[in-house]
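For the sequence shown, my numbering begins at 77 and goes up steadily by one. For every residue, glycine included, the Cβ atom is placed at its ideal position computed from N, Cα and C. Shown next, in structure tokens, is the structure this report addresses.
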Amino acid sequence: MYQILNWNTALTEKRNTALTKTEKENNLSKILQFIKKFLDGKNTIAVLQQIPFKMKNEDGSWIYSDSYKKFETEFSSDEYKIISNNDFNDGFIVMQTVIVTRIKTFPPKDNNIYTKGEPTNREVAIEIENAFSLLGLHAENGEKNLTYIKSIKGIADVIVGDFNAGDYQKYTHWETFRKILPSHVCVCNLPTKCVVDENGKLIRKTCIDHIFIKRELITKCENVKVHDNINYSDHYPITFDIKL
């Protein structure tokens, strides 16, 4: 059995960057500890969106962000494997989607698994030998969102992430969302993100983080849970099991 965590950490959002240095460090520590506790289990895989990478220095040069340095330290290579595509755009990116796991080796994967046929910082994929392939994504939003979600390929057995879209009334293209990935079943279309006003008051919750499982594997998926008691991000963590 494999356990998978999907979570948009929102560490690069203004909501987080507006915090004081101490508040930011405390929030980062809580997020990292939640992930580490999850990864203490056997055959666990964390798919994470909005993990910081680089930032522009005062002189215009690009430097690694303090948050990324902390992330890399917490998930050191002697215990964990971090998979990402942070070499996209020659590494000049502020955020990335990553996979963190204690599983150390993976067979080669075909880049055709990615939406554009090539890896970007918004997507990351792995193949678990003799088990399944996994694609984690962070969809573009705004005017680019519809084109993005329509172009997601159904190659990976399991597709998780922040789609910035969903089958709910407030999303303009909900009917189109229902039609994406016909080879898969969406097993999570629940409130996963809190939309708040400038004072932090809840306006509404949205259903934009999803889990898609190939139809032939759907009976292997169990225990889907939205952890709505964890409020370190404006997105809730989601966990589920694949019994193989």
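(Q) Taking the alpha-carbon of LYS319 as reference, which of GLU203, CYS264, ASN119, GLU99 has the nearest alpha-carbon? (A) If we check each option's Cα against that of LYS319, ASN119 comes out closest.
The alpha helix (DSSP H) that contains GLN109, what's its start and end? Element bounds for GLN109: 97-115.
Item to check | Inter-residue Cα distance where the pair is GLU150 and GLN125 | outcome: Going by C-alpha positions, GLU150 is about 17 Å away from GLN125.
| request: Determine the burial state of GLN245: buried for a count of at least 16 other Cβ atoms within 10 Å of its Cβ, exposed for fewer. | output: By the neighbour-count rule (16 or more Cβ atoms within 10 Å), GLN245 is not buried but exposed.
message = Spatial neighbours of ILE323 within its chain, please: C-beta separation below 7 Å, excluding the five flanking residues on both sides.
response = The requested residue 323 does not occur in the structure, where the chain is confined to residues 77 to 320.
(message) Could you check whether the region 180-200 touches the region 228-243, counting it as contact only if at least three pairs of C-beta atoms, one from each stretch, sit closer than 8 Å?
(response) Contact holds: three or more Cβ-Cβ distances are below 8 Å.
### Identified DSSP bridge partners for ASP317
The partner list for ASP317 (beta bridge, DSSP) reads GLN79, GLU298.
Considering only the alpha carbon of each residue, which of LEU115, ALA86, VAL174, SER152 lies closest to LEU213?
LEU213 has its Cα closest to that of VAL174, out of LEU115, ALA86, VAL174, SER152.
What did DSSP end up calling GLY136 once you bin it into helix, strand or coil?
Coil at GLY136, not helix or strand.
Helix, strand or coil at GLU194 [DSSP, three-state] | In the three-state reduction of the DSSP assignment, GLU194 falls in the coil class, being assigned neither a helical nor a strand state.
- Item | Identity of the residue in GLY136, ASN133, LYS97, ILE158 nearest LYS112 by Cα | Minimum Cα distance to LYS112 is reached at ILE158.
ask   = If you pair each beta-carbon of the region 195-206 with each one of the region 176-185, do three or more pairs fall below 8 Å?
value = Two segments are said to touch when three or more pairs of C-beta atoms, one from each, lie closer than 8 Å; by this definition the region 195-206 touches the region 176-185.
Delimiting residues of the beta strand (DSSP E) encompassing ARG280 | ARG280 -> beta strand (DSSP E) spans 278-282.
> Does DSSP classify LYS220 as helix, strand or coil?
Replying inline: Helix, per DSSP.
Self-check item: Test item: CB-CB of ASN197 and MET171 under 8 Å
Solution: Annotated as proximal: ASN197 and MET171, with beta-carbon spacing under 8 Å.
| said: Measuring straight from C-alpha to C-alpha, what distance separates LYS281 and VAL302? | reply: If you take the alpha carbons of LYS281 and VAL302, they lie about 13 Å apart.
- Reducing DSSP to helix, strand and coil, say where ILE159 ends up. In the displayed model, ILE159 falls within a strand according to three-state DSSP.
According to DSSP, is GLY212 helix, strand or coil?
DSSP places GLY212 in strand when its eight states are reduced to three.
Practice item. Could you pull out every residue in the same chain whose Cβ sits closer than 7 Å to the Cβ of ILE169, ignoring the five residues on either side in sequence? Key: Cβ neighbours of ILE169 within its own chain (closer than 7 Å, five residues either side excluded): PHE129, LYS130, ASN162, ASN197.
> For SER137, which option in GLY167, GLY117, TYR144 has the closest C-alpha, if you only look at C-alpha atoms?
Replying inline: Cα-wise, what sits closest to SER137 is GLY167.
Pick helix, strand or coil for LYS130, following the three-state DSSP scheme. Assignment of LYS130 by DSSP, reduced to helix, strand and coil, places it in the strand class.
| field | Residues bridged to ALA207 (per DSSP) | value | DSSP output for ALA207 lists no bridge partner at all.
Query raised in the report: Got a sec? Which residues, its chain only, sit under 8 Å from LYS180 by beta carbon, not counting five neighbours each side?
Result: Excluding positions up to five away in sequence, the list reads LYS157.
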